[in-house]
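Residue numbers (full-length UniProt numbering): 1 to 117.
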């Protein structure tokens with residue numbers, strides 16, 4: 001399966017957020033596409049990202065590494081990277097790896113965009 005990506009800007013209470021909608025599988029083959037998208041957004045000045053993973057069917061360690069790398073990039077600019085996911089099989093990966101302590105994980109894009117913490 002391939003990876004689909006789309007981005008849009010959404011106004012939030014503390015400024016615009018860039019929502020990256022991800023669909024398909026984030027694995028060793030497709031993760032570089034997501035990495036390129038995140039790098040490009042940060043290079044273009046988007047430092048507050050929301051990665052909508054509702055359409056993600058599969059996530060491996062390479063995909064996790066890309067998300068952690070994206071988080072490091074935005075934090076270097078005092079930014080944020082929030083995840084949207086309520087699929088148990090994907091959430092389990094974040095719990096097992098301890099990344100629920102690293103990423104704010106929300107159940108909807110609206111919740112992530114409007115979060116002020």
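We treat Cβ as the ideally placed atom computed from N, Cα and C, and that holds for glycine.
Predicted, not measured: the structure shown is a model, and the values here were computed from it.
Return helix, strand or coil for residue 68, following the three-state DSSP convention.
helix
Residue 48 and residue 79 closer than 7 Å at C-beta
yes
Residue 114 - containing alpha helix (DSSP H), residue span
109-114
Name, in chain order, the residues that DSSP records as bridge partners for residue 51.
20, 83
Can you tell me whether residue 76 is buried or exposed, with buried defined as 16 or more other CB within 10 angstroms of its CB?
exposed
Taking 8 Å as the threshold, find out whether the segment 49-62 comes into contact with the segment 11-27 through three or more Cβ pairs.
yes
DSSP three-state assignment for residue 46, whether helix, strand or coil:
coil
Count the other CB atoms, across all protein chains shown, that sit within 10 Å of the CB of residue 131; report buried if there are 16 or more and exposed otherwise.
Residue 131 lies beyond the range of the chain shown here (1 to 117); nothing can be said about it.
Once DSSP output is grouped into helix, strand and coil, what is the label at residue 28?
coil
Classify residue 63 as buried or exposed, calling it buried when 16 or more other Cβ atoms lie within 10 Å of its own Cβ.
buried
Work out the CA separation of residue 56 and residue 26 for me, nearest whole Å.
7 Å
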